[in-house]
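>
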Amino acid sequence: MIDSATSAGRRVPLLEVDDLHTWFELRQWGFRRVGTVHAVDGVSLALAHGEAVAFVGESGCGKSSLARTLLGLHRPTQGEVRFDGQALAGLGKADMKAYRAKVGYVQQDPFGALPPFLDVRRILAEPLIVHGVTDRTERERRIRAVLEEVRLGPVDEVLGKFPHMLSGGQQQRVVIARALVLEPVMIIADEPVSMLDASVRVEILDLLRRIQSERELTLVFITHDLSTVRHYAERIFVMYAGRVVESAPVDELLDHPQHPYTLALLSALSDPDADNALRLREVPGGEPPSLIHPPSGCRFHPRCPQAMAGLCDRDEPIEFTPRPGHVSACWLYQ
Amino acid sequence: MADASLLRVDDLALHYQTRNGVVRAVDGVSFDIQRGEALVILGESGCGKSSLAKTLMRVLPRNVHHVGGRVTLDGVEISALPDERFRRDVQWSRMALVMQASMNALNPVVKVGAQVAEPLRVLRRWPRRRALERAAEVFALVGLSNDFMTRYPFELSGGMRQRAVLAMALVAEPDLVILDEPTSALDVLTQASIMNVLKRVKRELGTSFILITHDVATSSELADRVALMYAGELVEVCDARRFFSEPAHPYSRMLMASVPRLRQRERPQSIPGQPPSLLWPPAGCRFAARCPERFASCDHSPPALPLHERHRVRCWLHALDNASPVSDGPRSTGEEGTHDR
Numbered sequence: 452m453i454d455s456a457t458s459a460g461r462r463v464p465l466l467e468v469d470d471l472h473t474w475f476e477l478r479q480w481g482f483r484r485v486g487t488v489h490a491v492d493g494v495s496l497a498l499a500h501g502e503a504v505a506f507v508g509e510s511g512c513g514k515s516s517l518a519r520t521l522l523g524l525h526r527p528t529q530g531e532v533r534f535d536g537q538a539l540a541g542l543g544k545a546d547m548k549a550y551r552a553k554v555g556y557v558q559q560d561p562f563g564a565l566p567p568f569l570d571v572r573r574i575l576a577e578p579l580i581v582h583g584v585t586d587r588t589e590r591e592r593r594i595r596a597v598l599e600e601v602r603l604g605p606v607d608e609v610l611g612k613f614p615h616m617l618s619g620g621q622q623q624r625v626v627i628a629r630a631l632v633l634e635p636v637m638i639i640a641d642e643p644v645s646m647l648d649a650s651v652r653v654e655i656l657d658l659l660r661r662i663q664s665e666r667e668l669t670l671v672f673i674t675h676d677l678s679t680v681r682h683y684a685e686r687i688f689v690m691y692a693g694r695v696v697e698s699a700p701v702d703e704l705l706d707h708p709q710h711p712y713t714l715a716l717l718s719a720l721s722d723p724d725a726d727n728a729l730r731l732r733e734v735p736g737g738e739p740p741s742l743i744h745p746p747s748g749c750r751f752h753p754r755c756p757q758a759m760a761g762l763c764d765r766d767e768p769i770e771f772t773p774r775p776g777h778v779s780a781c782w783l784y785q
Numbered sequence: 008m009a010d011a012s013l014l015r016v017d018d019l020a021l022h023y024q025t026r027n028g029v030v031r032a033v034d035g036v037s038f039d040i041q042r043g044e045a046l047v048i049l050g051e052s053g054c055g056k057s058s059l060a061k062t063l064m065r066v067l068p069r070n071v072h073h074v075g076g077r078v079t080l081d082g083v084e085i086s087a088l089p090d091e092r093f094r095r096d097v098q099w100s101r102m103a104l105v106m107q108a109s110m111n112a113l114n115p116v117v118k119v120g121a122q123v124a125e126p127l128r129v130l131r132r133w134p135r136r137r138a139l140e141r142a143a144e145v146f147a148l149v150g151l152s153n154d155f156m157t158r159y160p161f162e163l164s165g166g167m168r169q170r171a172v173l174a175m176a177l178v179a180e181p182d183l184v185i186l187d188e189p190t191s192a193l194d195v196l197t198q199a200s201i202m203n204v205l206k207r208v209k210r211e212l213g214t215s216f217i218l219i220t221h222d223v224a225t226s227s228e229l230a231d232r233v234a235l236m237y238a239g240e241l242v243e244v245c246d247a248r249r250f251f252s253e254p255a256h257p258y259s260r261m262l263m264a265s266v267p268r269l270r271q272r273e274r275p276q277s278i279p280g281q282p283p284s285l286l287w288p289p290a291g292c293r294f295a296a297r298c299p300e301r302f303a304s305c306d307h308s309p310p311a312l313p314l315h316e317r318h319r320v321r322c323w324l325h326a327l328d329n330a331s332p333v334s335d336g337p338r339s340t341g342e343e344g345t346h347d348r
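Residue numbers (my numbering), protein chains in the order written: chain E, 452 to 785; chain F, 8 to 348.
As structure tokens, then:
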């Protein structure tokens, strides 16, 4: 397990993930098995109560599969997710429903996530109805309160609107409101701003962070963009090909990256600067590996400029701690 | 000013007819590009930047209400050419467009090499073999191995397909390539390597580029000059160095402040409000409603005021600047209502 003791200190773990594997079977003609996609392949971590963490990685690295497994939408192939000490796999139908009320989900594409024929009032009422809030005035009160909280106003006007009448930023606020309306203890936000414009992005991220700290929520923030993480999470997990390769508190990770993959990501990203146009960037060759036949040993070794022959291509790296609170799965730090 | 520019665009307009009225997607846009220069057109979604590219290339949807303005390429007014001549002499051969998500629009049942060679076969009537030889050269240029010539699009990754589409645009050696969000659907590392390809092409072939993007960080990877678009208008056009360090328009400054930075600790600031509807754009400055520095003059639409050499700002604040002694730019009479120079 990753050191929740050092970075999260006194806080109790809310969510523990133990050697989690989520695999998908590939079938031909609907029945012949032709392979297995190792989307999440050995992830262990612990998140504390009220902690904001970010999972960063390229598309296909398994970050969304991990999120969906944490939400209970995928059944883990192997390993365990424990929420408040209880294993998800052992939950009955009613307990699972209760779990879903405790974990809010903010989807990537707000327009796709909102049913087009329901107005905002109905969209926000739905989870309340499902979870047994039968009193209409009580529902109305909670819907209004949550719209105030996500700063979507004027409330009277917004309640009757349909998703297509709202801007992208407003739609995302509705999605966030829907995730919050059941008063969850944890929010999982999968690329909450990647479909939004630059100027709105910051607004939505600020909103999530504010609500997270006001309600003392645990926030799992999934993104492909390292540059948006600094102010919106406390800890970062960098994922590559189904595994967490590096994790550390935000400033530590961004200022002292250790894993060669993180280094490559950081050197490929730029802050706006006219000099960027004058130099070529160093990019590791190749493509992210196939998750059907992941490379042996370290999964980054075919692209890694510092790969050591005979070690990295043979043995899977274990977690090392090159700096206090900073975990890197790389043989360089042996 | 002797006109050495490759492309000159004057007062370009594109209005769409919709059920709710006329949408003024591009509304009086003027800029010019020198040979070998890369101009980035930066803007948020819905500001009209893709419509601008489509107008330049004359790939327009059916609901066009009005197209206006002059486009001059190498001294020839291409906007006056009849469609047939434009297609024969300008499209692909002199100006090529890589549309947004075009990497997903490759023909799935034709080998990639043949698709890249196709413009030469159609436009120049080159024989198959010669066109394929040329395609192989361009494959090398964009960093694709020649083995991929005989593959089908589904066998290529996203980054490789984007390179193939780029090769297709470059195959007829155009003077100008227009790229509409070429990297926005790609991963960080793939993005960086595509930008490397563009930099190399620009350096080696001297191709001019118009790069259309919403991403400020990506824009800085190629830009010699930046044109910032807002609600159908260019609000600031200037040298990239100046734009990224000391932009003049309030919107430019706020946009720069909204970019999350990797290596700096300042918190990004959001821009309150929303862009105006292009159905009924406000009468005065289109940014005024969100601008913290607005004053009485902003009720009137500001012209593109010259600030420095090849630097124009559509903001009344700089009309005042020019009248004050601090300015080092060329003087303007401030109230001249002209559109351009």
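Note that the Cβ used here is the ideal one computed from N, Cα and C, for glycine as well.
Whole angstroms is fine: what's the gap from residue 246(F)'s alpha carbon to residue 501(E)'s?
To locate residue 246(F), count along the second sequence from 1; it is residue 239. To locate residue 501(E), count along the first sequence from 1; it is residue 50. Between residue 246(F) and residue 501(E), the C-alpha separation is close to 46 angstroms.
> Here's the rule: buried if 16 or more other CB atoms are within 10 angstroms of the residue's CB, otherwise exposed. What is residue 219(F)?
Translated into positions along the second sequence, residue 219(F) becomes position 212. Under this definition residue 219(F) is a buried residue.
> Does any residue of chain E have a CB that is nearer than 8 angstroms to the CB of residue 251(F)?
Locating residue 251(F) in the second sequence gives position 244, counting from the first residue. Yes, because at least one Cβ of chain E sits closer than 8 angstroms to the Cβ of residue 251(F).
> Note down, in chain order, each residue of its chain lying with its Cβ closer than 6 angstroms to the Cβ of residue 97(F), except the 5 sequence neighbours on either side.
Taking the second sequence and counting its residues from 1, one reaches residue 97(F) at position 90. Only 85 meet the Cβ criterion.
> Looking only at DSSP bridge pairs, what is residue 236(F) linked to?
For the purposes of this step, residue 236(F) is taken as residue 229 along the second sequence, with counting starting at 1. Per DSSP, 241(F).
> So the candidates are 709(E), 745(E), 718(E); which of them puts its Cα closest to the Cα of residue 775(E)?
Indexing the first sequence from 1 puts residue 775(E) at position 324. Nearest option by C-alpha distance: 709(E).
> Evaluate contact between the region 580–593 of chain E and the region 601–609 of chain E, counting only Cβ atoms and requiring at least three cross-stretch pairs below 8 angstroms.
With the cut-off at 8 angstroms, the region 580–593 of chain E and the region 601–609 of chain E do not touch.
> Tell me whether residue 116(F) is buried or exposed, calling it buried when 16 or more other Cβ atoms sit within 10 Å of its Cβ.
Here residue 116(F) is taken as the residue at index 109 of the second sequence, counted from 1. So residue 116(F) ends up on the exposed side.
> CA-CA distance, residue 329(F) and residue 282(F)?
Reading the second sequence from its first residue, position 322 is the one you call residue 329(F). Reading the second sequence from its first residue, position 275 is the one you call residue 282(F). Its pLDDT being 49, under 50, residue 329(F) is placed unreliably in this model, and the value from its coordinates should be taken loosely. The straight-line gap from Cα to Cα measures roughly 28 angstroms.
> By alpha-carbon positions, which one of 613(E), 698(E), 597(E), 497(E) ends up nearest to residue 631(E)?
Working through the first sequence from its first residue, we reach residue 631(E) at position 180. Of the listed residues, the one whose Cα sits closest to residue 631(E) is 597(E).
> Does DSSP put residue 779(E) in a helix, in a strand, or in coil?
Here residue 779(E) corresponds to residue number 328 of the first sequence, with the count starting at 1. If DSSP states are grouped into helix, strand and coil, residue 779(E) belongs with the strands.
> Which value, in whole angstroms, describes the spacing of the CA atoms of residue 678(E) and residue 717(E)?
In the first sequence, residue 678(E) corresponds to position 227, counting from 1. In the first sequence, residue 717(E) corresponds to position 266, counting from 1. Distance between the alpha carbons of residue 678(E) and residue 717(E): 9 angstroms.
> Would residue 76(F) count as contacting chain E if we go by Cβ distances under 8 angstroms?
As a working mapping, residue 76(F) is identified with position 69 in the second sequence. Taking Cβ atoms only, chain E never reaches closer than 8 angstroms to residue 76(F), which makes this a no.
> For residue 707(E), would you say it is in contact with chain F, using Cβ-to-Cβ distances shorter than 8 angstroms as the test?
One-based indexing of the first sequence puts residue 707(E) at position 256. Cβ-Cβ to chain F under 8 angstroms: no for residue 707(E).
> Give the single residue among 509(E), 684(E), 581(E) whose Cα lies nearest to the Cα of residue 196(F).
The residue you call residue 196(F) lines up with position 189 of the second sequence. Minimum Cα distance to residue 196(F) is reached at 509(E).
> From which residue to which residue does the alpha helix (DSSP H) around residue 250(F) run?
Stepping through the second sequence from its first residue, residue 250(F) is reached at position 243. Start and end: 247–252.
> Going by other Cβ atoms of all chains shown within 10 Å of its Cβ, with 16 needed for buried, is residue 629(E) buried or exposed?
For the purposes of this step, residue 629(E) is taken as residue 178 along the first sequence, with counting starting at 1. Buried.
> Determine, for residue 277(F), whether the minimum Cβ-Cβ distance to residues of chain E falls below 8 angstroms.
Looking up residue 277(F) in the second sequence gives position 270. Judged by the 8 angstroms Cβ criterion, residue 277(F) is in contact with chain E.
> Would residue 615(E) be called buried (16 or more neighbouring beta carbons within 10 Å of its own) or exposed?
Counted from its first residue, the first sequence places residue 615(E) at position 164. Residue 615(E) should be labelled exposed.
> Near residue 767(E), which residues of its chain fall below 7 angstroms by C-beta distance, leaving aside the five closest residues on each side in sequence?
What you label residue 767(E) is simply residue 316 of the first sequence in a count that begins at 1. Excluding residues within five positions, the ones whose Cβ falls inside 7 angstroms are 748, 749.
> I need the straight-line Cα distance from residue 155(F) to residue 172(F), nearest angstrom please.
Start at 1 with the first residue of the second sequence, and residue 155(F) comes out as number 148. Start at 1 with the first residue of the second sequence, and residue 172(F) comes out as number 165. Straight-line Cα distance between these residues: approximately 13 angstroms.
> Give, in chain order, every unbroken run of the beta strand (DSSP E) that is at least 3 residues long and sits entirely within the region 517–600 of chain E.
As far as the region 517–600 of chain E is concerned, its whole beta strand (DSSP E) runs of at least 3 residues are 529–534, 554–557.
> Have a look at residue 340(F) and residue 326(F) and give me their C-alpha separation to the nearest angstrom.
By 1-based counting over the second sequence, the position of residue 340(F) is 333. By 1-based counting over the second sequence, the position of residue 326(F) is 319. Note that residue 340(F) scores a pLDDT of 40, beneath 50, so its modelled location is shaky and nothing firm can be said.
> Can you round the beta-carbon distance between residue 129(F) and residue 76(F) to whole angstroms, since I take them to be within the 8 angstroms contact cut?
The sequence position of residue 129(F) within the second sequence is 122, counting from 1. The sequence position of residue 76(F) within the second sequence is 69, counting from 1. That pair is no contact at about 29 angstroms.
> If we ignore side chains and look at the alpha-carbon of each, how far apart do residue 176(F) and residue 137(F) end up?
The residue you call residue 176(F) lines up with position 169 of the second sequence. The residue you call residue 137(F) lines up with position 130 of the second sequence. Spanning the two alpha carbons is a distance of roughly 17 angstroms.
> Going by alpha carbons, who is nearest to residue 765(E) out of 782(E), 549(E), 470(E), 584(E)?
In the first sequence, counting from the first residue as 1, residue 765(E) sits at position 314. Ranking 782(E), 549(E), 470(E), 584(E) by Cα distance to residue 765(E) puts 782(E) first.
> Can you tell me which of the three DSSP states residue 274(F) falls into?
Counting from one through the second sequence, the residue named residue 274(F) turns up at place 267. Coil.
> Counting only beta-carbon atoms, is residue 588(E) nearer than 8 angstroms to chain F?
Stepping through the first sequence from its first residue, residue 588(E) is reached at position 137. Cβ-Cβ to chain F under 8 angstroms: no for residue 588(E).
> Considering only the beta carbon of each residue, do residue 697(E) and residue 758(E) sit closer than 8 angstroms?
Numbered from its first residue, the first sequence carries residue 697(E) at position 246. Numbered from its first residue, the first sequence carries residue 758(E) at position 307. Contact: no.
> Could you tell me the boundaries of the beta strand (DSSP E) in which residue 485(E) lies?
Working through the first sequence from its first residue, we reach residue 485(E) at position 34. Taken as a continuous stretch (DSSP letters only), the beta strand (DSSP E) holding residue 485(E) covers 483–499.
> Strictly by DSSP, which residues pair up with residue 102(F)?
On the second sequence, residue 102(F) is found 95 positions in, with the first residue counted as 1. In DSSP, residue 102(F) forms a bridge with 98(F), 183(F).
> Going residue by residue through the region 686–755 of chain E, where are the continuous alpha helix (DSSP H) segments of at least 4 residues, counting only ones entirely within it?
The region 686–755 of chain E contains these whole alpha helix (DSSP H) runs: 701–706, 711–719.
> Using the beta-carbon count (16 or more within 10 Å), is residue 558(E) buried or exposed?
Here residue 558(E) is taken as the residue at index 107 of the first sequence, counted from 1. Counting Cβ neighbours within 10 Å, residue 558(E) comes out buried, since at least 16 surround it.
> In terms of residues, what are the limits of the alpha helix (DSSP H) holding residue 31(F)?
Your numbering for residue 31(F) matches position 24 in the second sequence. No alpha helix (DSSP H) holds residue 31(F); the beta strand (DSSP E) holding it covers 28–40.
> May I ask which residues mark the beginning and end of the beta strand (DSSP E) holding residue 169(F)?
Numbered from its first residue, the second sequence carries residue 169(F) at position 162. Unbroken run through residue 169(F) is the alpha helix (DSSP H), 165–177; no beta strand (DSSP E).
> Using the rule of at least 16 other Cβ atoms within 10 Å of the residue's Cβ for burial, across every protein chain shown, is residue 452(E) buried or exposed?
As a working note, residue 452(E) is residue 1 in the first sequence. With a pLDDT of 40 at residue 452(E), under the threshold of 50, the predicted position of this residue should be treated as unreliable, though the coordinate-derived value follows. Exposed, by the Cβ-count rule.
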